[in-house]
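First the structure, in the form of structure tokens, and then the observations on it.
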């Protein structure tokens, strides 16, 4: 075992010491012995004094580590884990003007998760599909560094290598991807990223929009449920095409979405370039069917929804313009809604504001995909979002429906 391997072994056990402090102790030990010790011998003496057992030369030293064992500064380590997410590879230009490539993955084992950084030829393995999410991956001769955000990263450079689904590894020992998936009901606006699985409950048509620079973009929304809750999922640009045909009842796994609050204060999952979409054809989740029964106003609670509610317009609608946090000027129409159990304020936003302003006192309506929230006076009110619809319920005849 050479000096570097002994230093790595000390670092694993004595996390209170840095690499520089250990090397200093080794060279001080050599100096105190008037250079009688070789580097390796001095390192073994220091390790013994620090309470670290170093294998004998006849013993094999294989630094197979769990993710929780890693610390910054470790070199030549071996780690095995399950690939959770693969981010798009990126090309960069070196100082000599040649091009390089880097790919980032999220790796997990039973002790935690870790960013894996593959450089150049190793990055091409992820880009080509040789490495894919769900596989068990062994990393050889990696080195650990802190990323720009202070979190640990395992890098695989020229000396490093990767092994997909090694034959001597029990894949059952590594948690499945589902164990790294978040429950929708547990998500909060404080988080930046999330991964979810669920059943499609509502699908809305794709639409195109114009950016400020004159180029066109695409957007499509759907609503995804799991056993803990539901959330709006917004697909952007090329991810609209990647999603392809999707219908109510389909099961999706969406890894690495961006969390964002809508203008109405609702949590949304945004699917962008770094997000992975997977249709779970062979792993269908149970369809979560919402009840057909409509709740009563008295049953509504804070931050609930979406739901369908019926009632009678009880006050003349008023329409006003407001400035959103994005500095957009939008319309909102408000009025009171009553049923036999109580009364509540309703706010219809954007295109639904035009529908709301034409309502008359005494009109019976059904609001689908509505949400309850606390308003400015801390009173509970109903608010619309992009998928909300309003149905006018005439005393006789067919119903008509308007979608936001």
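Numbering (our numbering), first residue to last: 205 to 608.
We put the beta carbon where it would ideally sit given N, CA and C, even for glycine.
This one's a predicted model, so the numbers in the text were calculated from it and none came from an experiment.
Length of the line joining the Cα atoms of residue i and residue j
{"i": "residue 207", "j": "residue 321", "result": "26 Å"}
{"i": "residue 478", "j": "residue 271", "result": "23 Å"}
{"i": "residue 595", "j": "residue 417", "result": "37 Å"}
{"i": "residue 496", "j": "residue 577", "result": "A caution first: residue 496 carries a pLDDT of 43, below 50, which makes its placement in the model unreliable, though a value can still be read off. Answer to the nearest angstrom: the Cα atoms are 22 Å apart."}
{"i": "residue 309", "j": "residue 449", "result": "27 Å"}
{"i": "residue 336", "j": "residue 392", "result": "29 Å"}
{"i": "residue 375", "j": "residue 472", "result": "34 Å"}
{"i": "residue 331", "j": "residue 381", "result": "20 Å"}
{"i": "residue 547", "j": "residue 399", "result": "38 Å"}
{"i": "residue 492", "j": "residue 557", "result": "In this prediction, residue 492 scores a pLDDT of 45, lower than 50, which makes its location untrustworthy; no coordinate-derived value is stated."}
{"i": "residue 226", "j": "residue 346", "result": "21 Å"}
{"i": "residue 371", "j": "residue 269", "result": "18 Å"}
{"i": "residue 279", "j": "residue 456", "result": "38 Å"}
{"i": "residue 419", "j": "residue 531", "result": "21 Å"}
{"i": "residue 213", "j": "residue 224", "result": "14 Å"}
{"i": "residue 631", "j": "residue 535", "result": "Not covered by the structure: residue 631. The range shown for the chain is 205 to 608."}
{"i": "residue 255", "j": "residue 319", "result": "31 Å"}
{"i": "residue 172", "j": "residue 312", "result": "With the chain covering 205 to 608 only, the question about residue 172 has no answer from this structure."}
{"i": "residue 453", "j": "residue 459", "result": "19 Å"}
{"i": "residue 243", "j": "residue 230", "result": "7 Å"}
{"i": "residue 598", "j": "residue 537", "result": "21 Å"}
{"i": "residue 555", "j": "residue 411", "result": "15 Å"}
{"i": "residue 561", "j": "residue 552", "result": "9 Å"}
{"i": "residue 437", "j": "residue 565", "result": "35 Å"}
Among the options, nearest to residue i - alpha-carbon criterion
{"i": "residue 303", "options": "324, 286 and 285", "result": "324"}
{"i": "residue 475", "options": "300, 372 and 446", "result": "446"}
{"i": "residue 461", "options": "482, 209 and 521", "result": "482"}
{"i": "residue 284", "options": "273, 294, 291 and 293", "result": "273"}
{"i": "residue 567", "options": "388, 307 and 517", "result": "517"}
{"i": "residue 433", "options": "463, 402 and 421", "result": "402"}
{"i": "residue 593", "options": "388, 366, 390 and 408", "result": "408"}
{"i": "residue 286", "options": "280, 384 and 353", "result": "384"}
{"i": "residue 423", "options": "415, 364 and 534", "result": "415"}
{"i": "residue 344", "options": "250, 572 and 282", "result": "282"}
{"i": "residue 504", "options": "550, 480, 533 and 230", "result": "550"}
{"i": "residue 233", "options": "221, 219, 252 and 466", "result": "252"}
{"i": "residue 291", "options": "307, 301, 277 and 276", "result": "307"}
{"i": "residue 572", "options": "377, 247, 427 and 510", "result": "510"}
{"i": "residue 288", "options": "513, 480 and 499", "result": "480"}
Buried versus exposed call for residue i [16 or more other C-beta atoms within 10 Å across all chains shown]
{"i": "residue 217", "result": "exposed"}
{"i": "residue 413", "result": "exposed"}
{"i": "residue 524", "result": "exposed"}
{"i": "residue 299", "result": "exposed"}
{"i": "residue 443", "result": "buried"}
{"i": "residue 250", "result": "buried"}
{"i": "residue 354", "result": "exposed"}
{"i": "residue 296", "result": "exposed"}
{"i": "residue 583", "result": "exposed"}
{"i": "residue 520", "result": "exposed"}
{"i": "residue 334", "result": "exposed"}
Start and end residues, alpha helix (DSSP H) containing residue i
{"i": "residue 322", "result": "No alpha helix (DSSP H) holds residue 322; the beta strand (DSSP E) holding it covers 316-323."}
{"i": "residue 231", "result": "223-236"}
{"i": "residue 588", "result": "Note, residue 588: premise wrong, no alpha helix (DSSP H); not H, not E."}
{"i": "residue 337", "result": "Per DSSP, residue 337 belongs to no alpha helix (DSSP H) and is neither H nor E."}
{"i": "residue 555", "result": "555-561"}
{"i": "residue 252", "result": "243-253"}
{"i": "residue 210", "result": "207-217"}
{"i": "residue 597", "result": "No alpha helix (DSSP H) contains residue 597, which DSSP labels as neither H nor E."}
{"i": "residue 450", "result": "No alpha helix (DSSP H) contains residue 450, which DSSP labels as neither H nor E."}
Run of the beta strand (DSSP E) containing residue i, from where it starts to where it stops
{"i": "residue 305", "result": "303-313"}
{"i": "residue 540", "result": "533-543"}
{"i": "residue 573", "result": "568-578"}
{"i": "residue 515", "result": "511-517"}
{"i": "residue 460", "result": "455-465"}
{"i": "residue 528", "result": "Per DSSP, residue 528 belongs to no beta strand (DSSP E) and is neither H nor E."}
{"i": "residue 482", "result": "480-483"}
CB contact check: residue i to chain C, cutoff 8 Å
{"i": "residue 456", "result": "Among the chains in the structure shown there is no chain C, since it carries only a single protein chain."}
- Can you give, in chain order, each stretch of the beta strand (DSSP E) that sits fully within the region 350-434 and has at least 3 residues? Complete beta strand (DSSP E) runs here, min 3: 356-360, 365-368, 397-407, 411-414 and 420-430.
- Which ranges would you report for the beta strand (DSSP E) in the region 278-302 if only whole runs of at least 3 residues count? The beta strand (DSSP E) runs of length 3 or more contained entirely in the region 278-302 are, from start to end of the chain, 281-290 and 294-297.
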